[in-house]
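I have placed the structure first, in the form of structure tokens, so that the comments after it can refer back to it.
Number of protein chains: 2
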Amino acid sequence: MRNDGSNAAGEVSAARGVRSPAPPPRTARATPGSRGALDFTDVRETNLAVVLRFVRHHTPCSRAEVAAQTGLNKATVSSIVTELIERGIVEEIGASEERRIGRPAVMLTLDGRRFVALGLEVNVDYLSAVAVDLGEREVLSVHEPFPAASAGPVACVRRLAELARSMMAQLADQSRRVIGMAVAVPGLVDLHGLAVTEAPNLGWRDFPVVDQLRAELGDADFPVSVENDANLAAVGEYRAGSLSHTPNLVYITGEVGIGGGFIVDGSLLRGSNGYGGEIGHMPMLLGGPRCGCGRHGCFEALVGTNAIIRAAVPDLAGDSDELITDLAPKVAEVARRAACGDRHVVDTLDRVGNWLGRSAAVLINIFNPDAVILGGYFVPLATWILPRTHRTLAAHVIAPKQGGCKVALSTLGFTAAARGGAASIIDAIDTARLPLPG
Amino acid sequence: MRNDGSNAAGEVSAARGVRSPAPPPRTARATPGSRGALDFTDVRETNLAVVLRFVRHHTPCSRAEVAAQTGLNKATVSSIVTELIERGIVEEIGASEERRIGRPAVMLTLDGRRFVALGLEVNVDYLSAVAVDLGEREVLSVHEPFPAASAGPVACVRRLAELARSMMAQLADQSRRVIGMAVAVPGLVDLHGLAVTEAPNLGWRDFPVVDQLRAELGDADFPVSVENDANLAAVGEYRAGSLSHTPNLVYITGEVGIGGGFIVDGSLLRGSNGYGGEIGHMPMLLGGPRCGCGRHGCFEALVGTNAIIRAAVPDLAGDSDELITDLAPKVAEVARRAACGDRHVVDTLDRVGNWLGRSAAVLINIFNPDAVILGGYFVPLATWILPRTHRTLAAHVIAPKQGGCKVALSTLGFTAAARGGAASIIDAIDTARLPLPG
Numbered sequence: 001m002r003n004d005g006s007n008a009a010g011e012v013s014a015a016r017g018v019r020s021p022a023p024p025p026r027t028a029r030a031t032p033g034s035r036g037a038l039d040f041t042d043v044r045e046t047n048l049a050v051v052l053r054f055v056r057h058h059t060p061c062s063r064a065e066v067a068a069q070t071g072l073n074k075a076t077v078s079s080i081v082t083e084l085i086e087r088g089i090v091e092e093i094g095a096s097e098e099r100r101i102g103r104p105a106v107m108l109t110l111d112g113r114r115f116v117a118l119g120l121e122v123n124v125d126y127l128s129a130v131a132v133d134l135g136e137r138e139v140l141s142v143h144e145p146f147p148a149a150s151a152g153p154v155a156c157v158r159r160l161a162e163l164a165r166s167m168m169a170q171l172a173d174q175s176r177r178v179i180g181m182a183v184a185v186p187g188l189v190d191l192h193g194l195a196v197t198e199a200p201n202l203g204w205r206d207f208p209v210v211d212q213l214r215a216e217l218g219d220a221d222f223p224v225s226v227e228n229d230a231n232l233a234a235v236g237e238y239r240a241g242s243l244s245h246t247p248n249l250v251y252i253t254g255e256v257g258i259g260g261g262f263i264v265d266g267s268l269l270r271g272s273n274g275y276g277g278e279i280g281h282m283p284m285l286l287g288g289p290r291c292g293c294g295r296h297g298c299f300e301a302l303v304g305t306n307a308i309i310r311a312a313v314p315d316l317a318g319d320s321d322e323l324i325t326d327l328a329p330k331v332a333e334v335a336r337r338a339a340c341g342d343r344h345v346v347d348t349l350d351r352v353g354n355w356l357g358r359s360a361a362v363l364i365n366i367f368n369p370d371a372v373i374l375g376g377y378f379v380p381l382a383t384w385i386l387p388r389t390h391r392t393l394a395a396h397v398i399a400p401k402q403g404g405c406k407v408a409l410s411t412l413g414f415t416a417a418a419r420g421g422a423a424s425i426i427d428a429i430d431t432a433r434l435p436l437p438g
Numbered sequence: 001m002r003n004d005g006s007n008a009a010g011e012v013s014a015a016r017g018v019r020s021p022a023p024p025p026r027t028a029r030a031t032p033g034s035r036g037a038l039d040f041t042d043v044r045e046t047n048l049a050v051v052l053r054f055v056r057h058h059t060p061c062s063r064a065e066v067a068a069q070t071g072l073n074k075a076t077v078s079s080i081v082t083e084l085i086e087r088g089i090v091e092e093i094g095a096s097e098e099r100r101i102g103r104p105a106v107m108l109t110l111d112g113r114r115f116v117a118l119g120l121e122v123n124v125d126y127l128s129a130v131a132v133d134l135g136e137r138e139v140l141s142v143h144e145p146f147p148a149a150s151a152g153p154v155a156c157v158r159r160l161a162e163l164a165r166s167m168m169a170q171l172a173d174q175s176r177r178v179i180g181m182a183v184a185v186p187g188l189v190d191l192h193g194l195a196v197t198e199a200p201n202l203g204w205r206d207f208p209v210v211d212q213l214r215a216e217l218g219d220a221d222f223p224v225s226v227e228n229d230a231n232l233a234a235v236g237e238y239r240a241g242s243l244s245h246t247p248n249l250v251y252i253t254g255e256v257g258i259g260g261g262f263i264v265d266g267s268l269l270r271g272s273n274g275y276g277g278e279i280g281h282m283p284m285l286l287g288g289p290r291c292g293c294g295r296h297g298c299f300e301a302l303v304g305t306n307a308i309i310r311a312a313v314p315d316l317a318g319d320s321d322e323l324i325t326d327l328a329p330k331v332a333e334v335a336r337r338a339a340c341g342d343r344h345v346v347d348t349l350d351r352v353g354n355w356l357g358r359s360a361a362v363l364i365n366i367f368n369p370d371a372v373i374l375g376g377y378f379v380p381l382a383t384w385i386l387p388r389t390h391r392t393l394a395a396h397v398i399a400p401k402q403g404g405c406k407v408a409l410s411t412l413g414f415t416a417a418a419r420g421g422a423a424s425i426i427d428a429i430d431t432a433r434l435p436l437p438g
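If you're matching them up, the sequences are chains V and F in order. According to the UniProt record's numbering, the first sequence is numbered sequentially starting from 1. According to the UniProt record's numbering, the second sequence is numbered sequentially starting from 1.
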């Protein structure tokens with residue numbers, strides 16, 4: 001009752017095709033449990049997505065490899081590849097040098113020339129924007145100070161739209177076209193990726209970012225979505241950071257607000273309604289300093305950028321009820337004084353390191369990640385924060401040798417979230433759902 | 001350059017076969033990122049696994065449905081099903097009643113008569129064991145008080161082996177055979193599922209549970225593994241609890257130690273080395289009561305069963321350095337006094353509810369789960385703990401309406417972890433890796 005060889009082999013190789021590599025974290029919304037599942041009724045589109053995914057995750061590869069590994073027949077692969085090349089999505093990049101025998105195969109890769117994805121970030125004191133091509137190579141990157149918290153949501157989105165339009169103009173000069181845009185915001189984002197439910201440190205509440213941005217942009221013929229900043233920063237690190245493709249990552253933003261982004265087995269943790277990753281209000285110190293949320297002793301009231309500035313350089317912080325502006329130069333001043341050996345500043349950063357270590361230990365105990373990545377303003381202050389953080393972690397992580405977890409500094413800095421936003425747009429091509437006109 | 005219909009349809013249906021339903025959480029260890037991937041060289045075994053998985057997740061189903069949905073041809077399916085029936089893994093259960101036209105199809109389901117999986121649990125004051133058949137129906141269940149903490153690891157495993165042998169004898173009388181055994185332990189478990197790295201509340205350290213258990217069992221011809229109790233309890237709830245198949249679940253054990261088990265999008269969170277889920281030592285109260293771990297103010301030092309007994313019924317707790325024995329009757333006494341309106345006991349449980357709420361809020365903010373399930377001794381005390389927990393959660397969860405999260409009591413009680421252990425053994429048949437002799 002055994003199969004005959006050819007039949008069984010056919011079945012297996014077809015099956016193998018769908019055993020695609022571990023996909024990058026999805027940020028697109030889907031029904032929980034439907035991870036990575038396709039549901040196309042159109043055969044051609046399904047096969048196109050299979051080929052595109054394969055090329056994307058095995059670039060560069062030959063048509064023959066695509067056929068062998070996806071189980072699609074060679075004629076089908078050839079036809080699909082021709083279409084993808086015509087549409088500017090895939091390109092040929094000459095022969096593989098690894099082949100020793102026979103005619104060298106023409107290799108395929110994603111065409112980086114035509115389409116780009118845009119990631120934008122609004123944070124308390126800056127805007128960032130990154131454009132990447134289909135191969136996720138960075139094409140353009142902008143970071144500018146902007147008083148988002150005091151400007152209010154409408155003015156903020158207006159400036160964001162100006163930034164986007166200016167980038168799109170530059171990209172158009174390079175004959176590049178935007179296929180999608182994701183905006184990172186430090187706050188809770190609604191289930192559909194359209195509006196910000198609450199971003200306390202920006203003072204936004206139930207604000208329809210996407211509608212507003214579309215109105216400002218005029219005629220954007222591509223998908224626009226909004227997502228939590230820490231989530232997108234974690235995606236950015238997973239895709240393009242110094243520890244990219246490390247399967248279990250914890251990202252901690254170092255801004256006025258402290259957010260967490262969690263990559264679990266290569267997928268972004270979003271939770272049942274997309275509200276996952278809120279670590280800023282872990283109650284760390286009963287009766288501790290007042291937090292922006294109204295509670296006391298929250299994680300971000302102890303290690304957020306405002307908290308650091310108020311504690312380390314009170315002479316620059318103004319009244320306790322006042323919004324602190326110009327964070328970047330003030331953080332630079334904190335670092336300068338610490339470098340000069342200012343005892344008060346050094347002690348303050350040591351205490352910050354302690355609270356950061358205690359809180360990071362909570363996360364390491366829960367997630368047992370390969371690494372915790374610190375972003376934002378933790379990076380320029382790391383010299384004085386990290387020594388204590390390491391000692392506190394050693395005292396508070398339960399697993400032996402910290403469960404193998406290391407602490408790293410973001411190398412993407414203030415563009416991590418924008419980078420992740422752009423990368424998440426590129427993911428959409430895996431399902432061939434994006435309009436990619438020929 | 002379009003495909004002709006039959007060709008393309010063949011490719012798509014073959015591809016569809018491998019798009020199996022969201023698999024249940026895996027507890028078997030694998031390289032991170034390789035989630036659910038198969039790597040068989042033997043074609044027959046691969047196809048057998050595909051058919052078995054399909055029957056398991058779509059039971060009852062007909063041979064024709066298996067063929068249509070997996071893309072395997074009918075002869076192959078028929079041959080494989082025949083083999084599975086002969087091996088006692090699949091059985092026919094008569095015709096589907098839903099078919100209105102034509103000959104009624106014979107339906108297939110997993111054969112519950114021949115093979116069972118055993119889940120065992122050691123906890124501070126009890127042993128539990130559950131046997132389930134291939135369809136995960138409970139066949140046998142045992143729960144007995146046992147002073148595991150004072151008995152020491154060797155005596156404890158000896159008693160566990162006696163329990164297992166007695167169950168296996170009963171199962172043998174029913175012509176049932178054990179295909180695997182998983183042991184839940186409240187502690188850190190090594191990467192290979194063989195030894196307990198540290199179980200502070202049992203006093204175990206670097207203890208080779210599996211070797212010891214195998215030695216006691218004599219001639220176990222099946223896989224034996226050990227796993228963290230909270231992880232397995234979360235799997236038990238996900239598979240057999242009142243909220244089964246809820247994709248995002250947080251389970252909190254209510255034992256002497258407090259452990260967390262996290263189901264994220266239907267998969268158990270294990271972390272990079274299997275050490276995930278350690279929530280018992282979240283530092284909740286600086287300078288709080290001393291924890292078994294030596295630190296102060298840990299979550300479990302505030303809400304663990306010992307902490308509750310010491311605070312609520314100090315007259316029954318003995319000296320503070322003494323091990324508290326007979327937890328179940330003491331917890332019953334706590335409940336009795338609370339029911340009688342004993343002010344001290346009621347206030348104590350209210351405070352426990354507050355700490356539980358603050359800590360659960362941390363987890364809800366991070367995971368945005370559909371539900372938090374409370375197990376163990378939280379269940380009999382819930383009447384007096386939960387009201388305050390609900391109020392504290394409302395004050396500490398950031399997402400609106402608690403992000404949709406509800407708090408539920410385990411209906412599996414002290415057998416949740418054993419139930420999850422047994423279920424995790426059954427998962428192995430998805431990959432056809434288990435020896436299932438015909």
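Backbone N, C-alpha and C fix where the C-beta goes; we use that ideal spot for every residue, glycine too. These numbers were taken from a predicted model, which means no experiment stands behind them.
Taking the alpha-carbon positions, what's the residue i to residue j distance?
| i | j | result |
| --- | --- | --- |
| V:Glu45 | V:Leu84 | 11 Å |
| V:Arg205 | V:His396 | 36 Å |
| V:Glu121 | V:Ala169 | 19 Å |
| V:Ile324 | V:Asp125 | 10 Å |
| V:Ser62 | V:Ala105 | 6 Å |
| F:Val50 | F:Thr70 | 7 Å |
| F:Val142 | F:Arg419 | 11 Å |
| V:Gly297 | V:Ala422 | 35 Å |
| F:Leu327 | V:Ala117 | 59 Å |
| V:Met181 | V:Pro223 | 6 Å |
| residue 443 of chain F | F:Val55 | Beyond the ends of chain F as shown, which are 1 and 438, falls residue 443 of chain F; an answer cannot be given. |
| V:Arg114 | V:Ala195 | 30 Å |
| V:Cys340 | V:Gly294 | 35 Å |
Out of the options, which one is the CA nearest neighbour of residue i?
| i | options | result |
| --- | --- | --- |
| F:Ser150 | F:Gly94, F:Leu48, F:Val139 and F:Gly203 | F:Gly203 |
| F:Val90 | F:Glu65, F:Val130, F:Gly135 and F:Asp125 | F:Gly135 |
| F:Ala164 | F:Asn365, F:Glu216 and F:Thr431 | F:Glu216 |
| V:Leu249 | V:Glu255, V:Arg56, V:Ile258 and V:Ala230 | V:Ala230 |
| V:Ala240 | V:Arg56, V:Ala428 and V:Ala416 | V:Ala416 |
| F:Arg87 | F:Leu110, F:Val66 and F:Lys74 | F:Leu110 |
| F:Pro60 | F:Ala68, F:Ser78 and F:Ile93 | F:Ile93 |
| F:Ser410 | F:Phe378, F:Ser424 and F:Thr392 | F:Phe378 |
Please list the terminal residues of the continuous beta strand (DSSP E) segment that includes residue i.
| i | result |
| --- | --- |
| V:Gly261 | Gly260 to Val264 |
| V:Val379 | Unbroken run through V:Val379 is the alpha helix (DSSP H), Phe378 to His396; no beta strand (DSSP E). |
| F:Gly119 | Phe115 to Asn123 |
| F:Ser78 | Here F:Ser78 belongs to no beta strand (DSSP E); instead the alpha helix (DSSP H) covers Lys74 to Glu86. |
| V:Glu216 | Not the beta strand (DSSP E): V:Glu216 falls in the alpha helix (DSSP H), residues Val209 to Leu217. |
Following the continuous alpha helix (DSSP H) through residue i, name the residue where it begins and the one where it ends.
| i | result |
| --- | --- |
| F:Ala105 | First-last for F:Ala105: undefined, no H or E at that position. |
| F:Leu163 | Pro153 to Asp173 |
| F:Lys330 | Leu327 to Ala339 |
| V:Asp133 | Here V:Asp133 belongs to no alpha helix (DSSP H); instead the beta strand (DSSP E) covers Tyr126 to Asp133. |
| V:Pro314 | Pro314 to Ala317 |
| V:Ser359 | Arg343 to Phe367 |
| V:Ile426 | Ala416 to Asp427 |
If I'm right that residue i touches residue j with Cβ under 8 Å, what's the distance once you round it to whole angstroms?
| i | j | result |
| --- | --- | --- |
| F:Val226 | F:Val256 | In fact, because the Cβ distance is near 19 Å, the residues do not count as touching under 8 Å. |
| query | Of the residues that make up the stretch 237-252 of chain F, which ones have a beta carbon closer than 9 Å to any beta carbon in chain V? | reply | His245, Thr246, Pro247 and Asn248
| Any residues in the stretch 345-379 of chain F with a beta carbon nearer than 7 Å to a beta carbon of chain V? Which ones, in chain order? | Arg358, Val362, Asn365, Ile366, Phe367, Asn368, Pro369 and Asp370
| Selection of the stretch 264-279 of chain V by Cβ proximity to chain F, strictly under 8 Å | Val264, Asp265, Gly266, Ser267, Leu269, Arg270, Gly271, Ser272, Asn273, Gly274, Tyr275, Gly276, Gly277, Glu278 and Ile279
| query | Closer than 7 Å, Cβ to any Cβ of chain F: which residues of the stretch 281-301 of chain V, in chain order? | reply | His281, Met282, Pro283, Leu285 and Leu286
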